[in-house]
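In this text, residue positions in the sequence shown follow our numbering: the first is 497, and each later residue adds one.
Where is the CB? At the ideal position from N, CA and C, for every residue including glycine.
The structure presented is a predicted model; accordingly, all values stated were derived computationally and were not measured.
Okay, structure first, notes after.
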Amino acid sequence: MAGFQYIYLDRYLKVLVQGLQLHVAISEEFRNSAAEQVRTGGTLYTRRISRVITPGTLIDENFVDPFEDNYVLSVHIDDEPSTTSIDNVNMDTNILSHCQLASIGLAWVDLSSGEFYTQSTQLASLKSVVARIRPKEIILDTKLKHTLNVDLSTLFGEGSHVIALHSPVQPLSTIDDWSSLLDKPIPAESRPAFSINEISAASLLLDYVKDKIMDMELSLQCPVRRIEKENMSIDRHTLRGLEIRTTLREGAFQGSLLHAVRRTVTKSGARLLNQRLVSPSMSLDIINGRLDLVEHLVANPLLRSNIVSLLRRSSDSLRLLQKFSIGRGDADDLLALCKTITVTHNIYLLIEQHVAGLDTTGMTDLHLSSLSGLLARFDFEGPSRLATRIGNAIDEDGLSRQHLAEDTEAATFASMAEERTAEEGLHTAKGVKKPAKGVPADVSQEHDGEIWIMRKSASTFLRQAHAQLAEIDDQRTSLTLRLRKELGSNSLMLKWTPQLGHFCHVKGKDARTAVDGARHISSTKSTRTFYLQDWTTLGLKLDDLRSRIRTEEQRIFLALRKEVITNLTKLRRNAAGLDELDVACSSAILAEERNLVRPILNSGTEHNIIGGRHPMVDIGLQEHGRRFTANDCTVGEKNTILLITGPNMAGKSTFLRQNALITILAQTGCFVPAAYAEIGLVDKLFSRIGSADDVYNHQSTFMVEMLEVADILNQATERSFVIMDEVGRGTTPEDGTAVGYACLHHLHNENKCRALFATHFHKLVEMTADFQKLARYCTSIAEQADGTWVYVHKLREGVNRDSHALKVAKLAGLPPKAVEVAAEALNALESLSGQ
């Protein structure tokens, strides 16, 4: 084994836990009690494992991404259905249909923020739910590995998660068993809603967490039940294909929908926006409440600017509070919490004053309710007292001096360690051992410069103790001056070291001058060190007083930390209100920047989008000085399917994606890039775009495509929205056309949902001529007299049978001869087909 300095712990944890996805055990020394010392033969300390750190159980490590949730997810699969068939889920779609209703309980928690959720789902939806949650770690009961008889990774799909098996140590089989881990009891009226599978999953999860954090205290938020029907379902292929969180090719954040719309100024607000984008609401009341707030902030830029300015001064409250809930949290965290409480209260007063002004002007109830409802969520009765106590107790200047001292000490230690490592390497290479440079000699240093982090006025005891400390310091100064006068030397100093205790040190020409009552320690040619009873007595008083001050500071600190726990529920609720405001301000800022409009949501099944734009492409074009060609999209009641033809690169795929993204933004509660948008609620959003194989699971490009198409046709409802791009491209034109027709037929006659279907199989136009609710639209190319051409991205009603693939090939830089050969072959093929 090899060791490393403690100051490098985070660096190695990041490599081992985040990079290599390993479990790391932390071992610490604990002081034994008197009885334990007798039992262990006088051993003062016992070394034992205090915590096991895994990818999903990170709490306050510095390398935890502040803009992403760090979930650990447990999965409980009901063993009542036929589990013997689950091992063939990915091999036979008939088996999948047989198993897809297998009941599954999910529970996931972010230990860094205390957020706790549960959900029931089916096997068919499991991969998509996992893709939405995006856990760092998935927990399964050990017995499932043998029951399922399957490579467990195939159950959950792609992702950066690690799968861990766990055998419950002390099963928490009922909701009552969770109470000690929650910040408040689960309301009695909410308990019956939790399914048996959810309780089993949550119990497994909490047992796993307790097993890893061991003796650390833990206080999670009450579990929130996620119900599939309350949110738009976005499957994993759509999350990836629409580039909601990361881009399709590089997997980068820049270029994603989240990157394009995020204007949040707090880290917790960014996480909330992320959650909403992957799980848009299905409630008109919730959506309209969010939109009302955004609309009001758009109309009142001064209010919005003031709120954003205050939000910038707040801290990540949820993660800050979680540190206190596990018995951590230092003076810096208390100070950050104090400032955040103050900021929150200032925002509350700002909005309250604004609402009072609106009330006197006769503003509509709609505008008042969006803000009044938000104000009602805040509670400052306990938090304000806590902030006052923290502000009156902690000395910011003292804390700053302490950090400066710690940074200096850490830098010195790191420098020494690096020099020592380099010199040892030199010794190994050349066989020469050089003395370490820069290592301070074991010399005495003055026991001065004590730094206090609590104000002297923090308690009556501290006031009195610091007054006594000032008196002792005066006595010390008087003693120093007296001794210097007796010795006739200004070099005399009163010092302290752990080895020598309190002693006097003098150097210079008068180093050997005697002092009454002095007891010699050591001498050199130019220095003398000796004990003096006066300094020893005074020094002991000084040490005792400083020790009592430190004890009192620790008592005050622990009392403040305890008061944080007392107010934990209120503080978390206030933090959630701040996040809500941050996301609303973000949407309002974006609406002003990008000229977005408020969408109208209803309970119908029609899209009516006028002048819609692609959120990411629009930004990219504008950055290069170009304008996006806006397009209308009316699909639903009259025409449930739009069949779109046209040239390559003329905007078909962009049109499909932009309408799906506009739908997501609308149901998230954001303004949308369009001139007008009225959208009926969408329960499930599906996309079939792009092409890729899955060699590891023996799936060709076409097989991957068919699996995605199967998911859509099996799951889409009349309220769903489907976009399909080039279905059937991975096989022969004849087979591809047949598959494309089958999809259109099923969507039109069985699913009856809204769908945008782009294709280069032009025979589908004739084959679907009798589809009453299918409309045909196209894009085109405008050719000039000189032979040049430009894309016409404007969608129009009709059919375009020219894909102009050779123009794209020429544009891509194919050799002219190759393009000529392709043109000849195309003419020959068209002649053979009778065109």
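Judging by CA-CA distance, which residue of Gly-825, Gly-878, Glu-524 and Tyr-1172 is the nearest neighbour of Thr-838? Gly-878
Using CA coordinates, which residue listed in Ser-608, His-841 and Phe-563 is at the minimum distance from Gln-771? Selected option, being the one with the closest Cα: Phe-563.
Starting from the C-beta of Glu-1102, find all residues in its chain whose C-beta is less than 6 Å away, skip the five residues before and the five after it, and write them out in chain order. Hits under 6 Å: Gly-1132, Glu-1133 and Gly-1176.
Between Arg-721, Leu-965, Met-728 and Ser-570, which lies nearest to Ile-1160 when the distance is taken from Cα to Cα? Met-728
Identify whether Glu-1320 lies in helix, strand or coil by the three-state DSSP scheme. helix
Apart from the five residues on each side of it in sequence, which residues of its chain come closer than 7 Å, Cβ to Cβ, to Thr-589? Summary for Thr-589: the model assigns pLDDT 43, below 50, so the residue's position carries little reliability; its value from the coordinates is reported in the next sentence. So the list reads Ala-1206, once near-sequence residues are dropped.
Does the pairing of the region 664 to 680 with the region 806 to 816 give three or more beta-carbon distances under 8 Å? Taking 8 Å as the limit for Cβ pairs, the verdict is that the region 806 to 816 does not touch the region 664 to 680.
For Ser-1327, which residues from the same chain have a beta carbon less than 8 Å from its beta carbon, with the 5 sequence-adjacent residues on both sides left out? none
What do you get for Gly-927, buried or exposed, if any count of 16 or more other CB atoms within 10 angstroms of its CB means buried? Below a pLDDT of 50, predicted positions are generally treated as unreliable, and Gly-927, at 42, falls in that range; the measurement from the model is reported next regardless. Gly-927 should be labelled exposed.
Is the beta carbon of Ser-974 less than 8 Å from the beta carbon of Gly-1004? no
Per DSSP, which one or two residues make a beta bridge with Glu-1279? Trp-1285
Among Glu-1119, Ile-522, His-572 and Val-571, the one whose alpha carbon lies nearest that of Leu-554: Ile-522
With a CB to CB cut of under 6 Å and the five nearest residues on each side skipped, what residues in its chain are close to Ser-800? In the sequence as displayed, the identity of residue 800 is Arg instead of Ser. Around Arg-800: Leu-793, Cys-1081 and Ala-1084.
Less than 8 Å between the CB atoms is what I'm expecting for Thr-1275 and Leu-1252, so what's the real figure, rounded? In fact, because the Cβ distance is near 13 Å, the residues do not count as touching under 8 Å.
Could you give the DSSP three-state label for Ile-723: helix, strand or coil? Residue state for Ile-723 is assigned as coil, using DSSP reduced to three classes.
Skipping 5 residues on each side, what residues in its chain have a beta carbon closer than 6 Å to that of His-943? For His-943, the predicted model reports a pLDDT of 43, less than 50, meaning its position is unreliable; a value from the coordinates is still stated below. Cβ within range, chain order: Trp-992.
Once the 5 residues before and after Thr-1150 are set aside, which same chain residues still bring their CB inside 7 Å of it? His-1110 and Val-1113
I need the DSSP call for Asp-672, collapsed to helix, strand or coil. helix
Same chain only: Cβ atoms within 6 Å of Thr-956, ignoring 5 sequence neighbours per side: none
What span of residues does the beta strand (DSSP E) with Trp-948 cover, start to end? From DSSP, Trp-948 is part of no beta strand (DSSP E); its letter is neither H nor E.
Considering only DSSP beta bridges, list what Val-520 is partnered with. Ile-549
Assign Glu-739 to buried or exposed, taking buried as 16 or more other Cβ atoms, counted over all protein chains shown, within 10 Å of its Cβ. buried
Straight-line Cα distance separating Asn-1091 from Gly-1100: 26 Å
Backbone CA spacing between Cys-834 and Asn-1210 [nearest angstrom]: 53 Å
What is the rounded straight-line gap between the Cα of Gln-818 and the Cα of Ala-966? Straight-line Cα distance between these residues: approximately 39 Å.
So, for Lys-510: in the same chain, excluding its five sequence neighbours on each side, which residues have a beta-carbon less than 6 Å away from its beta-carbon? Phe-559
For Ile-545, is the classification buried or exposed, using 16 other Cβ atoms within 10 angstroms of its Cβ as the cut-off for buried? exposed
Rounding to the nearest angstrom, what Cα-Cα distance links Gln-849 and Ala-684 in this structure? Taking the CA atoms as reference points, Gln-849 sits about 37 Å from Ala-684.
Tell me whether the region 719 to 735 and the region 609 to 621 touch, counting them as touching only if at least three CB pairs, one residue from each stretch, are closer than 8 Å. Counting C-beta pairs with one atom in each stretch, the region 719 to 735 and the region 609 to 621 have three or more that are closer than 8 Å, which means they touch.
Asp-556, DSSP secondary structure in three states: Residue state, collapsed to three classes: coil.
Where does the unbroken beta strand (DSSP E) through Met-989 begin, and where does it stop? 989 to 993
Within 10 Å of its beta-carbon, does Phe-500 have 16 or more other beta-carbons around it, so buried, or fewer, so exposed? Counting every other CB atom within 10 Å of its CB across the protein chains shown gives Phe-500 a total below 16, marking it as exposed.
Please give the ranges of any beta strand (DSSP E) in the region 1094 to 1173, keeping only runs that are unbroken, at least 3 residues long and fully inside the region. Complete beta strand (DSSP E) runs here, min 3: 1096 to 1098, 1103 to 1108, 1127 to 1131 and 1137 to 1141.
Should Ser-691 and Gly-601 be called a contact, given that it needs their Cβ atoms to be closer than 8 Å? yes
Check the C-beta distance from His-459 over to Phe-876 and give it rounded, since I have them as a contact under 8 Å. Beyond the ends of the chain as shown, which are 497 and 1331, falls residue 459; an answer cannot be given.
Run of the beta strand (DSSP E) containing Ala-603, from where it starts to where it stops: 599 to 606
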